[in-house]
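Order-wise, the sequence lines are chains A and B.
Residues in the first sequence are numbered consecutively from 89, following this note's numbering.
Residues in the second sequence are numbered consecutively from 101, following this note's numbering.
Idealized CB from N, CA, C, for every residue including glycine.
Note that the structure is predicted; figures quoted are calculated from it, not measured.
Reading through the structure tokens given below for one structure.
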Amino acid sequence: MTWTFESDKPIYGQIVERIKFRIVKGEYPPGSRIPSVRELALEAGVNPNTVQRAYAELESEGVLYTERTNGKFVVNDSGLLNQLKQTLSRNYIEDLFQKLTDLGLTKEEIIAAVLAEKE
Amino acid sequence: MNVMECSNLSKYYGSVSALDSIDLTVESGKIIGLLGPNGSGKTTLIKLACRMLVPSEGKITICGMEPSPETKSIVSYLPDRNFLPEWMNCTDLIYLYEDFYRDFDTQRAVEMIRQLNIDHKMPMKKMSKGTKEKLQLIMTMSRRAKLYLLDEPIAGVDPAARDYILNTIISNYDEDASIIISTHLIADVESVLDEAIFLKEGHIILHDTVDAIREQSGKSLDKHFREVFRCWEN
Numbered sequence: 089m090t091w092t093f094e095s096d097k098p099i100y101g102q103i104v105e106r107i108k109f110r111i112v113k114g115e116y117p118p119g120s121r122i123p124s125v126r127e128l129a130l131e132a133g134v135n136p137n138t139v140q141r142a143y144a145e146l147e148s149e150g151v152l153y154t155e156r157t158n159g160k161f162v163v164n165d166s167g168l169l170n171q172l173k174q175t176l177s178r179n180y181i182e183d184l185f186q187k188l189t190d191l192g193l194t195k196e197e198i199i200a201a202v203l204a205e206k207e
Numbered sequence: 101m102n103v104m105e106c107s108n109l110s111k112y113y114g115s116v117s118a119l120d121s122i123d124l125t126v127e128s129g130k131i132i133g134l135l136g137p138n139g140s141g142k143t144t145l146i147k148l149a150c151r152m153l154v155p156s157e158g159k160i161t162i163c164g165m166e167p168s169p170e171t172k173s174i175v176s177y178l179p180d181r182n183f184l185p186e187w188m189n190c191t192d193l194i195y196l197y198e199d200f201y202r203d204f205d206t207q208r209a210v211e212m213i214r215q216l217n218i219d220h221k222m223p224m225k226k227m228s229k230g231t232k233e234k235l236q237l238i239m240t241m242s243r244r245a246k247l248y249l250l251d252e253p254i255a256g257v258d259p260a261a262r263d264y265i266l267n268t269i270i271s272n273y274d275e276d277a278s279i280i281i282s283t284h285l286i287a288d289v290e291s292v293l294d295e296a297i298f299l300k301e302g303h304i305i306l307h308d309t310v311d312a313i314r315e316q317s318g319k320s321l322d323k324h325f326r327e328v329f330r331c332w333e334n
């Protein structure tokens, strides 16, 4: 099954997000090899050049590194992992707050609703 | 190396101008969507590239050469209609392609025919419209060409086969080759494309990478197309 993409954002950026999510989730642990460009292109149903661009972006952010002839690997650094986790969760929380504020909920109501949902 | 170059390229049918002074460069290693409403010149451009038509003015080159028998050996063209003899079955077609094209990869064709469960012995005239289209695409993509010209390759096939075909395109093309796909089904091909070309009344009104178009317009290529080419005024 190919991935679905939001229509209003560039595809490579959404691939970057998806890979970070997989790293934080432990699907691609620190130090592990990530799928080749072509493998991921087939899985996602996107152009290999788009995946290439996403990998280049992740490499310039210091999340991935290339081992010559061997492929691309996740950087072995728990500090980075924590940082990714924080950024991702902050994004989700911001998104949640934005949507619920649009619906007319106050900050307190949102917090109460989240706590009630957990129980 | 540019796979295709057009400069000042025009094509008239009598007094009707189908393409009007087009300048276009197609680099290698790209998958490009040729998009535009009916009658905008998509098929004309594709036919000029494979020498089914001769330019009225201007120039088109394939890997630096003007269209000729030599360029036909590096261009793999899928027309928008049935073009293979109806009495042939898969095996006949494979022999035909092996004879005609030095770059034909028999193993690749056999493998795809097997994956799509097409009966080797069934003549094309007994196949459904969709199966015929799939088979013609398989034959086109089984060549190791430098330029693939696909005119409406997915219009007649079901969504599952569409996914298979797009996967075939992604997994089979190599970095020296480019693929030009003309289609109306933009949403289906959008994620596979590097670049999009919008044609309108014989002019190129937009040529950019898909991600740049999404970034600038804040919309998917499909939505952007619907806005640029909307057929009515408010």
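Within chain A, partners of residue i - CB distance below 7 Å
i	result
residue 293 of chain B	135
residue 131 of chain B	135
residue 276 of chain B	Ordered by position in chain A, no residue passes the 7 Å Cβ test against residue 276 of chain B, which lies about 13 Å from the chain.
Start-to-end residues for the alpha helix (DSSP H) that takes in residue i
i	result
residue 184 of chain A	166 to 190
residue 199 of chain B	190 to 200
residue 104 of chain A	99 to 113
residue 153 of chain B	That residue, residue 153 of chain B, is in no alpha helix (DSSP H); it is neither H nor E in DSSP.
residue 240 of chain B	229 to 241
residue 162 of chain A	No alpha helix (DSSP H) contains residue 162 of chain A, which is instead part of the beta strand (DSSP E) from 159 to 162.
residue 169 of chain B	169 to 172
For residue i: DSSP bridge partner residues
i	result
residue 295 of chain B	B:132 and B:309
residue 300 of chain B	B:303
residue 317 of chain B	None, per the DSSP bridge assignment.
residue 329 of chain B	Per DSSP, none; premise fails for residue 329 of chain B.
residue 178 of chain B	B:250
residue 204 of chain B	B:243
C-beta neighbour in chain B for residue i, strict 8 Å
i	result
residue 108 of chain A	no
residue 129 of chain A	yes
residue 97 of chain A	yes
residue 175 of chain A	no
residue 143 of chain A	no
residue 90 of chain A	yes
residue 100 of chain A	yes
Three-way DSSP call (helix, strand, coil) for residue i in this model
i	result
residue 224 of chain B	helix
residue 273 of chain B	coil
residue 92 of chain A	coil
residue 247 of chain B	strand
residue 288 of chain B	helix
residue 205 of chain A	helix
residue 125 of chain A	helix
residue 161 of chain B	strand
residue 217 of chain B	coil
residue 258 of chain B	coil
residue 268 of chain B	helix
residue 144 of chain B	helix
residue 130 of chain A	helix
residue 166 of chain B	coil
residue 186 of chain B	coil
Per-residue contacts from residue i into chain B (C-beta, under 9 Å)
i	result
residue 122 of chain A	Under the 9 Å cutoff, chain B gives no residues; its nearest Cβ is about 18 Å from residue 122 of chain A.
residue 126 of chain A	270 and 271
Range of the contiguous beta strand (DSSP E) that encloses residue i
i	result
residue 112 of chain B	102 to 113
residue 278 of chain B	278 to 282
residue 148 of chain A	Element bounds for residue 148 of chain A: not the beta strand (DSSP E) but the alpha helix (DSSP H), 136 to 148.
residue 126 of chain B	116 to 127
residue 154 of chain A	152 to 155
Closer than 8 Å to chain A by CB, residue i
i	result
residue 266 of chain B	yes
residue 315 of chain B	yes
residue 229 of chain B	no
residue 263 of chain B	yes
residue 319 of chain B	yes
residue 308 of chain B	no
residue 311 of chain B	yes
Under 7 Å by beta carbon: chain B residues contacting residue i
i	result
residue 93 of chain A	291
residue 116 of chain A	Ordered by position in chain B, no residue passes the 7 Å Cβ test against residue 116 of chain A, which lies about 21 Å from the chain.
Chain A residues whose Cβ lies nearer than 9 Å to that of residue i
i	result
residue 323 of chain B	95 and 96
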